[in-house]
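Chains as they are written, first to last, in the working numbering: chain V, 38 to 210; chain U, 38 to 210.
These notes are about the structure you will find just below.
There are 2 protein chains.
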Amino acid sequence: MTTLSGLRLRPMPLTRTAFAPFGDVIETEDRPHRTINDGYAERYSDLARIDVDEQGGRPLVNIFAAKPRRLPLRIELMERHPLSSQAFVPLSRFPFLVVVGRAGEAPRADALRAFVTNGRQGVNYARGTWHHPLIALGEPCDFLVVDRGAPGDDNEEFHRYDDQEIVLDAPRA
Amino acid sequence: MTTLSGLRLRPMPLTRTAFAPFGDVIETEDRPHRTINDGYAERYSDLARIDVDEQGGRPLVNIFAAKPRRLPLRIELMERHPLSSQAFVPLSRFPFLVVVGRAGEAPRADALRAFVTNGRQGVNYARGTWHHPLIALGEPCDFLVVDRGAPGDDNEEFHRYDDQEIVLDAPRA
Chain V
38 MTTLSGLRLR
48 PMPLTRTAFA
58 PFGDVIETED
68 RPHRTINDGY
78 AERYSDLARI
88 DVDEQGGRPL
98 VNIFAAKPRR
108 LPLRIELMER
118 HPLSSQAFVP
128 LSRFPFLVVV
138 GRAGEAPRAD
148 ALRAFVTNGR
158 QGVNYARGTW
168 HHPLIALGEP
178 CDFLVVDRGA
188 PGDDNEEFHR
198 YDDQEIVLDA
208 PRA
Chain U
38 MTTLSGLRLR
48 PMPLTRTAFA
58 PFGDVIETED
68 RPHRTINDGY
78 AERYSDLARI
88 DVDEQGGRPL
98 VNIFAAKPRR
108 LPLRIELMER
118 HPLSSQAFVP
128 LSRFPFLVVV
138 GRAGEAPRAD
148 ALRAFVTNGR
158 QGVNYARGTW
168 HHPLIALGEP
178 CDFLVVDRGA
188 PGDDNEEFHR
198 YDDQEIVLDA
208 PRA
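Encoded structure:
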């Protein structure tokens, strides 16, 4: 006897403070930097905690070519990587949506949080953080993804929200 | 008694084959991939050999904000990281130039090679590969950089071409 109830998620602007329970925002705004290359570059160092060593893992650099989703979007499935972080950085200036829940048992629907990036931000999901698969908007976009490779990988868990209707709305204009 | 002699480098289109002695080209063209996220993304896995573990190193994710250079450019200084690879991926569709020499003793000027990317490619310099600092063109560009962090880092060597004039020309149109 499951109860079907509706819940609407409205994406909020992504900030490092709001995202801290879920991982890192990869961005340069208001971050320390130093001049290198004889003045031809500013280096913003160590923007994400890459956590991939568990059980013989190594860092993988990948590209995900994402197709856009349409909003509102029904959130049916969340995933997490219990052994590693996973970072996503868009390869063009491109806002996208993230839906996350804290690491641990699958979060209740009302504990999920949704964010919209400002077009220059990437995210790094901390190990075990629940997250929705990529939600690109408007047009296809490539993302550079840094995650973990290991032989005999078993680093993916899913949770389905079968008894609950969760709808991701468009961010406020 | 040094001899000053001129040498001109003309960037060639970057291909995986031509770049193989120096590292990886990070790109999706003609690479294997698999469909994930219920059809909403294609995953191109493991596009660069990230080699950062030496002497307690860990992967760093950084952003370099690069200022454009003007061509022709005098190549005076090359650098290498003897303990690690270093990957550069532009965060907008943006051609840039790379000048490289094989790992080992500092290469003679006539052993340097120059390449121009197609705007969607990144590069990963293999450990010890000599390379010129970032050469962005036209406008400022951010690059995602994956390299190595370690306490008491001593992972940078330079070579100056003092007795030789080396000039990097623009790629052929």
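Ideal Cβ positions, reconstructed from N, Cα and C, are used throughout, including at glycine.
One or two residues paired with residue 168 of chain V in a DSSP bridge: Residue 168 of chain V sits at position 131 when you count from the first residue of the first sequence. BP columns for residue 168 of chain V point to V:116, V:137.
Inside the stretch 55 to 109 of chain V only - alpha helix (DSSP H) runs reaching at least 4 residues: With a minimum length of 4 residues, no continuous alpha helix (DSSP H) run stays inside the stretch 55 to 109 of chain V.
Length of the line joining the Cα atoms of residue 92 of chain V and residue 184 of chain V: In the first sequence, residue 92 of chain V corresponds to position 55, counting from 1. In the first sequence, residue 184 of chain V corresponds to position 147, counting from 1. When rounded, the distance between both Cα atoms is 14 Å.
Residue 94 of chain U beta carbon less than 8 Å from that of residue 187 of chain U: Against the second sequence, residue 187 of chain U aligns to sequence position 150. Against the second sequence, residue 94 of chain U aligns to sequence position 57. Pairing residue 187 of chain U with residue 94 of chain U gives a Cβ-Cβ distance under 8 Å.
Residue 179 of chain V in three-state terms, based on DSSP: Residue 179 of chain V sits at position 142 when you count from the first residue of the first sequence. In the three-state scheme derived from DSSP, where H, G and I count as helix and E and B as strand, residue 179 of chain V is classed as strand.
Residue environment, residue 38 of chain U, which counts as buried when at least 16 other CB atoms sit within 10 Å: Working through the second sequence from its first residue, we reach residue 38 of chain U at position 1. Unreliable positioning characterises residue 38 of chain U in this predicted model, as indicated by a pLDDT of 43, which lies under 50. A coordinate reading is not provided.
Extent of the continuous beta strand (DSSP E) to which residue 150 of chain U belongs: Residue numbering aside, residue 150 of chain U sits at position 113 when the second sequence is read from its first letter. Residue range 150 to 153 is occupied by the beta strand (DSSP E) that includes residue 150 of chain U.
Contact belief for residue 78 of chain V with residue 124 of chain U at Cβ below 8 Å, rounded distance in angstroms: By 1-based counting over the first sequence, the position of residue 78 of chain V is 41. By 1-based counting over the second sequence, the position of residue 124 of chain U is 87. Their Cβ separation, rounded to whole angstroms, is 15 Å, which puts residue 78 of chain V and residue 124 of chain U out of contact at 8 Å.
Members of the stretch 42 to 75 of chain V that neighbour chain U once the beta carbon cut-off is set at 9 Å: Of all residues in the stretch 42 to 75 of chain V, 61, 63, 64, 65, 68, 70, 73, 74, 75 have a Cβ within less than 9 Å of some Cβ in chain U.
One or two residues paired with residue 159 of chain U in a DSSP bridge: Taking the first residue of the second sequence as 1, we reach residue 159 of chain U at position 122. According to DSSP, residue 159 of chain U bridges with U:63.
8 Å contact criterion, which residue 44 of chain U and residue 203 of chain U should meet: CB distance rounded: Position 7 of the second sequence, counting from 1, holds the residue named residue 44 of chain U. Position 166 of the second sequence, counting from 1, holds the residue named residue 203 of chain U. Rounded, the Cβ-Cβ distance is 5 Å, consistent with contact.
CB contact below 8 Å: residue 121 of chain V versus chain U: By one-based count along the first sequence, residue 121 of chain V stands at place 84. Chain U contact via Cβ: absent.
8 Å CB neighbourhood of residue 139 of chain V in its chain, flanking five on each side removed: Residue 139 of chain V sits at position 102 when you count from the first residue of the first sequence. Spatial neighbours of residue 139 of chain V in its own chain (CB-CB distance under 8 Å, excluding positions within 5 residues in sequence) are listed in chain order as 58, 59, 148, 166, 167.
Interface flag, residue 93 of chain V vs chain U, CB-CB below 8 Å: To locate residue 93 of chain V, count along the first sequence from 1; it is residue 56. Any Cβ of chain U closer than 8 Å to the Cβ of residue 93 of chain V would place that residue at the interface, and such an atom is absent.
Three-pair Cβ contact test at 8 Å for the stretch 150 to 158 of chain U versus the stretch 143 to 159 of chain V: Under the Cβ criterion (8 Å, minimum of three pairs), the stretch 150 to 158 of chain U does not count as touching the stretch 143 to 159 of chain V.
Cβ-Cβ distance between residue 99 of chain V and residue 182 of chain V below 8 Å: Here residue 99 of chain V corresponds to residue number 62 of the first sequence, with the count starting at 1. Here residue 182 of chain V corresponds to residue number 145 of the first sequence, with the count starting at 1. Using a Cβ distance threshold of 8 Å, residue 99 of chain V and residue 182 of chain V count as a contacting pair.
For residue 130 of chain V, the nearest candidate out of V:201, V:46, V:64 (CA to CA): Residue numbering aside, residue 130 of chain V sits at position 93 when the first sequence is read from its first letter. Per the Cα distances, V:64.
Test: residue 146 of chain U CB closer than 8 Å to a CB of chain V: For the purposes of this step, residue 146 of chain U is taken as the residue at position 109 of the second sequence. Under the Cβ criterion of 8 Å, residue 146 of chain U is not counted among the residues facing chain V.
CB contact below 8 Å: residue 79 of chain U versus chain V: Start at 1 with the first residue of the second sequence, and residue 79 of chain U comes out as number 42. With respect to chain V, the C-beta atom of residue 79 of chain U has a partner C-beta closer than 8 Å.
Chain-order list of residues whose beta-carbon lies under 6 Å from that of residue 108 of chain U (same chain, five-residue window excluded): What you label residue 108 of chain U is simply residue 71 of the second sequence in a count that begins at 1. For residue 108 of chain U, where only same-chain residues beyond five positions count, the Cβ hits under 6 Å are 207.
beta-carbon residue 58 of chain U near the ligand MG non-hydrogen atom, thresh 7 Å: Among the components modelled here there is no ligand, and therefore nothing to report on the ligand MG.
Nonlocal neighbours in the same chain, by C-beta distance under 6 Å from residue 47 of chain U, ignoring five residues either side: Taking the second sequence and counting its residues from 1, one reaches residue 47 of chain U at position 10. The residues are 206.
Residue 83 of chain U at chain V interface by Cβ criterion, 8 Å: What you label residue 83 of chain U is simply residue 46 of the second sequence in a count that begins at 1. Yes - at least one Cβ of chain V is within 8 Å of the one on residue 83 of chain U.
Exposed unless 16 or more other CB atoms sit within 10 angstroms - verdict on residue 96 of chain V: As a working mapping, residue 96 of chain V is identified with position 59 in the first sequence. Buried, because 16 or more other Cβ atoms sit within 10 Å of the Cβ of residue 96 of chain V.
Chain U contact for residue 97 of chain V (CB, 8 Å cutoff): Residue mapping note: residue 97 of chain V aligns to position 60 of the first sequence, counting from 1. Chain U contact via Cβ: present.
Min CB distance residue 111 of chain V to chain U below 8 Å: For the purposes of this step, residue 111 of chain V is taken as the residue at position 74 of the first sequence. Not closer than 8 Å to any Cβ of chain U, the Cβ of residue 111 of chain V fails to qualify, so no.
Contacts that residue 170 of chain V makes with chain U (C-beta to C-beta distance below 9 Å): Indexing the first sequence from 1 puts residue 170 of chain V at position 133. At a beta-carbon threshold of 9 Å, the residues of chain U lying near residue 170 of chain V are 73, 74, 75, 77, 78, ordered along the chain.
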